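Asker: Pasting in a structure now, in structure tokens, and then I'll have a few things to ask.
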Amino acid sequence: MARYWKSKACSIYQKRDKVLLKYPFGVRRVPYKEYILRGVVLKRKKAFDKYLVKYRDNENVTHSRWLSIENITSRTIEEEHRRRKWSIREFQLMEQKRQHKRKYYVVLHSDNVCSEDDNSRSNASNETEDDQLENPVSTAVHEQLQLWNDNRSRIIYNPEGDGDC
Numbered sequence: 001m002a003r004y005w006k007s008k009a010c011s012i013y014q015k016r017d018k019v020l021l022k023y024p025f026g027v028r029r030v031p032y033k034e035y036i037l038r039g040v041v042l043k044r045k046k047a048f049d050k051y052l053v054k055y056r057d058n059e060n061v062t063h064s065r066w067l068s069i070e071n072i073t074s075r076t077i078e079e080e081h082r083r084r085k086w087s088i089r090e091f092q093l094m095e096q097k098r099q100h101k102r103k104y105y106v107v108l109h110s111d112n113v114c115s116e117d118d119n120s121r122s123n124a125s126n127e128t129e130d131d132q133l134e135n136p137v138s139t140a141v142h143e144q145l146q147l148w149n150d151n152r153s154r155i156i157y158n159p160e161g162d163g164d165c
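The structure is reproduced here in structure tokens:
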């Protein structure tokens, strides 16, 4: 995934960044003359790589329009390369955070946790030792849940931004 992102990295622009726009927008079969306009980024839609850009057209009329990243570029090549490297780094950090959170994410459902009335789930279950040997993962999970229930504590996922796993 990281290799794909590196090859397909899009520049990331922030609010009030000055950009250049390819005008008229869109793709057509017949070649036509394109103009380069200056604009300012007002908002960003992360999911679709679209930006709300304010610009002036050839008739000196101000417009605000949602544009795809394909129609936007930086003012210099160096700035464009810097933005692409930054977007790759942002993706890598996001991936590291996701992998870190996965280690600490524990889902406890009320069906899986023993109730206070049921002191010993192993006695109440109809599983034999052979069934438990066939599925050692469920046995280990059951033992872990039993430990948490014995301590009368619930383990939940810390909300993002807390930083204390």
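Take the sequence shown: its position 129, counted from the start at 1, is 129 in the UniProt record's numbering, and no numbers get skipped. Using N, Cα and C, we set each Cβ at its ideal position, and we do this for glycine too. Given the structure is predicted, the values throughout are model-derived calculations rather than measurements.
1. To the nearest angstrom, report how far apart histidine 81 and lysine 101 are at their CA atoms.
2. So what's isoleucine 12 in DSSP terms, helix, strand or just coil?
3. Could you give the C-beta distance for valine 19 and isoleucine 72, rounded to a whole number, given that I count them as a contact under 8 angstroms?
4. With respect to the beta strand (DSSP E) encompassing tyrosine 32, which residues constitute its N-terminal and C-terminal limits?
5. Use the C-beta contact count for valine 61: other C-beta atoms within 10 angstroms, 16 or more gives buried, fewer gives exposed.
6. What did DSSP end up calling arginine 38 once you bin it into helix, strand or coil?
7. Does DSSP put threonine 62 in a helix, a strand or coil?
8. How should tyrosine 13 be labelled, buried or exposed, when 16 other C-beta atoms within 10 angstroms of its C-beta is the threshold for buried?
9. Does DSSP put residue 166 in a helix, a strand or coil?
10. Report buried or exposed for aspartate 57, applying the criterion of at least 16 other Cβ atoms within 10 angstroms of its Cβ.
11. Hey, how far is the Cα of arginine 83 from the Cα of serine 11?
12. Assuming valine 41 contacts leucine 21 under a Cβ cut-off of 8 angstroms, what Cβ separation, rounded to an integer in Å, is found between them?
13. Which partner residues of serine 87 appear in the DSSP bridge assignment?
Answerer: Concretely, from the data shown:
1. As a first step, residue 81 must be located in the sequence shown, where it is residue number 81. As a first step, residue 101 must be located in the sequence shown, where it is residue number 101. If you take the alpha carbons of histidine 81 and lysine 101, they lie about 31 angstroms apart.
2. Against the sequence shown, residue 12 aligns to sequence position 12. Here isoleucine 12 carries a coil assignment [DSSP, helix/strand/coil].
3. Counting from 1 along the sequence shown, the entry for residue 19 is found at position 19. Counting from 1 along the sequence shown, the entry for residue 72 is found at position 72. Indeed, because the Cβ distance is near 5 angstroms, the residues count as touching under 8 angstroms.
4. Locating residue 32 in the sequence shown gives position 32, counting from the first residue. For tyrosine 32, no beta strand (DSSP E) segment is defined, and its DSSP state is neither H nor E.
5. Locating residue 61 in the sequence shown gives position 61, where the first residue counts as 1. Valine 61 comes out exposed.
6. For the purposes of this step, residue 38 is taken as residue 38 along the sequence shown, with counting starting at 1. Arginine 38 falls in the strand class under three-state DSSP.
7. To locate residue 62, count along the sequence shown from 1; it is residue 62. Residue state, collapsed to three classes: strand.
8. If you number the sequence shown from 1, residue 13 lands on position 13. It is buried - the Cβ of tyrosine 13 has at least 16 other Cβ atoms within 10 Å.
9. Residue 166 cannot be examined here, being either before or after the span of the chain that is shown, 1 to 165.
10. For the purposes of this step, residue 57 is identified with residue 57 of the sequence shown, where counting begins at 1. With fewer than 16 other Cβ atoms inside 10 Å of its own Cβ, aspartate 57 counts as exposed.
11. The residue labelled residue 83 in the question sits at position 83 within the sequence shown. The residue labelled residue 11 in the question sits at position 11 within the sequence shown. Taking the straight line joining both Cα atoms gives about 5 angstroms.
12. Along the sequence shown, read from residue 1 onward, the residue named residue 41 stands at position 41. Along the sequence shown, read from residue 1 onward, the residue named residue 21 stands at position 21. Not a contact, Cβ separation roughly 10 angstroms.
13. Looking up residue 87 in the sequence shown gives position 87. Under DSSP, serine 87 shares a beta bridge with no residue.
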